[in-house]
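Chains as they are written, first to last, in this note's numbering: chain A, 1 to 137; chain B, 138 to 274; chain C, 275 to 411.
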Amino acid sequence: MKFATEYLWFNTKNHREYVNITDTVEGIVQKSGVKEGMVLVSAMHITAGVYVNDAESGLIQDIDEWLEKIAPFQREYRHHRTGESNGDSHLKSLLVHHEVIVPITDGRLDLGPWQQVYYAEFDGQRKKRVIVKVMGE
Amino acid sequence: MKFATEYLWFNTKNHREYVNITDTVEGIVQKSGVKEGMVLVSAMHITAGVYVNDAESGLIQDIDEWLEKIAPFQREYRHHRTGESNGDSHLKSLLVHHEVIVPITDGRLDLGPWQQVYYAEFDGQRKKRVIVKVMGE
Amino acid sequence: MKFATEYLWFNTKNHREYVNITDTVEGIVQKSGVKEGMVLVSAMHITAGVYVNDAESGLIQDIDEWLEKIAPFQREYRHHRTGESNGDSHLKSLLVHHEVIVPITDGRLDLGPWQQVYYAEFDGQRKKRVIVKVMGE
């Protein structure tokens, strides 16, 4: 049984940003030597997410607008009484989910032809982390 | 440590469709001989999902209407500038999530009494795949 | 390879309730002796969820209000023709998702500083279960 754990750091230029991390995760899997197993890719923050979808830039803007529509930035969140202003970032994170598990077969990410792994930043412009944990043999 | 990987193929009659795959997943687990572990069930497409919920047909219609309400089909998605018309299918997939992990105990799916595993097709009428990967011993 | 499986029981006072189960999950991991691996925390019901986010009480109320806004209680669900009245609870469960996988490193839950594991009850005041399955070595 093999394990490999790495932490990815992000510090996005924009408040919200979507970063394709597929190649990075693939590289960690190859370095681990795991041929059969799974890799967990999980945001370590409560205002960020990880999801699998398309690398098409128009769609990414659609996703961003849609998230803003159903989990909008607004002043009135109770969470803001703590001094924070990122209530919407938490809701967006819940909606997108903070993690994915990607299957590994023959030493590769076993993704469909259009599936890409994305880090979704909902409260950026500061240092944040994602854990990548490979498990298999 | 045992692994088993199978791919399920779908080609739904309808554009959107919800297919109960619990027995199929259970069969793969039994064939694998894994008694303790987990099984990943993950759509290999960016316009489909996998979720665990009830097999009640009224509820399935409720889920479908609800998804259409909050992630509606519409012309205006930027993604459609690529020639696609399935922007809503991507958003529905994000919302439902594309994968689940089901625990395996004593060689069986360790689900609650009403939990069923569903493949959710949001852009069907063509061939699509789900990966089922069993991991355990 | 080690496995440990425990079931947590809940019987919440309120119809909807959010219960921090981080310490309980951490205790199960420590008891298992697993140093490297993953723990699956999964609701065994179709009207409950498990998520990772902040322990801030104002935010928890924000989450609850937001879920009620986009997956509202209402009479008109088709599911209610079966005699049930919890259609909204199913939708809230789908939205939040019913499970999380938490990485284990050095025998501890490898969570970010603000990440807490929550059981989200959407149809409570009766006995319900969560499975916690640890897998690793």
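The beta carbon of each residue, even a glycine, is placed where N, CA and C say it ideally should be.
When you compare the CB of residue i with every CB in chain A, is at least one pair closer than 7 Å?
i      : result
B/I268 : yes
C/E300 : no
Whole angstroms is fine: what's the gap from residue i's alpha carbon to residue j's?
i      : j      : result
C/G386 : A/K128 : 9 Å
C/V370 : A/L95  : 7 Å
C/Y325 : C/R352 : 27 Å
B/V176 : A/S89  : 31 Å
B/H152 : B/E205 : 12 Å
A/A71  : B/M138 : 43 Å
B/Q268 : A/T105 : The sequence shown places Ile at residue 268 of chain B, rather than the Gln named in the question. Cα-Cα distance, rounded: 11 Å.
A/R81  : C/D338 : 17 Å
B/R263 : B/A185 : 12 Å
C/G398 : C/W283 : 12 Å
C/F277 : C/I302 : 11 Å
B/T142 : B/K270 : 4 Å
C/W388 : A/Q115 : 29 Å
B/G224 : C/Q304 : 45 Å
C/I334 : A/M44  : 19 Å
C/A329 : C/N294 : 7 Å
C/S331 : B/G174 : 35 Å
A/F122 : B/P240 : 31 Å
B/W212 : B/W203 : Reading the sequence as shown, one finds Arg at residue 212 of chain B and not Trp. Their backbone Cα atoms lie some 19 Å apart in a straight line.
B/Y155 : B/Y255 : 6 Å
C/I320 : C/L365 : 9 Å
B/T159 : C/D336 : 35 Å
B/Y144 : A/S32  : 25 Å
C/A394 : B/G220 : 40 Å
Quick one: does residue i have its CB under 7 Å from some CB of chain B?
i      : result
C/H319 : yes
A/L109 : no
A/D123 : no
A/G112 : yes
C/G307 : no
C/L314 : yes
So with Cβ pairs under 7 Å, would you call residue i a contact of chain C?
i     : result
A/R78 : yes
A/R16 : no
A/F73 : no
A/L59 : no
A/F70 : According to the sequence displayed, residue 70 of chain A carries Ile and not Phe. A/I70 counts as touching chain C.
List the whole-angstrom C-beta distance separating residue i from residue j, where the pair is believed to meet the contact cut-off of C-beta under 8 Å.
i      : j      : result
A/G136 : A/V34  : 4 Å
A/N166 : B/S222 : Here chain A comprises residues numbered 1 to 137, so residue 166 of chain A is not present and cannot be evaluated.
A/I101 : B/E236 : 6 Å
Who are the neighbours of residue i on chain A, taking C-beta pairs under 7 Å?
i      : result
C/E330 : H79 and T82
Kindly list, in the order they appear in chain A, the residues whose Cβ is closer than 9 Å to that of residue i.
i      : result
C/E373 : Within 9 Å Cβ-Cβ: nothing; C/E373 doesn't reach chain A, min ~10 Å.
C/Y392 : The contacting residues do not exist; C/Y392 stays about 10 Å from chain A at best.
Which residues of chain B have a Cβ atom closer than 9 Å to the Cβ of residue i, listed in chain order?
i     : result
A/N20 : By Cβ distance, chain B contributes nothing, its closest Cβ being about 13 Å from A/N20, past 9 Å.
Going along chain B, which residues have a C-beta under 7 Å from residue i?
i      : result
A/T105 : T142
C/L368 : Y188, N190, I200 and V233
Could you work out which residues of chain B lie near residue i, taking near to mean beta carbons separated by less than 8 Å?
i      : result
C/L365 : D199, I200 and W203
Give me the chain C residues within the contact set of residue i, using Cβ-Cβ distance strictly less than 7 Å, ordered along the chain.
i      : result
B/Q252 : M318 and I320
By the criterion of Cβ-Cβ separation under 8 Å, what are the contact partners of residue i in chain C?
i     : result
A/G87 : L333 and D336
Exercise. Which whole runs of the beta strand (DSSP E) in the segment 223-273 of chain B are 3 residues long or more, in chain order?
Worked result: 236-242, 253-258 and 265-273
For this session: Could you tell me which uninterrupted alpha helix (DSSP H) segments, each at least 4 residues in length, are contained entirely in the segment 307-359 of chain C, listed from first to last along the chain?
Result: 331-344
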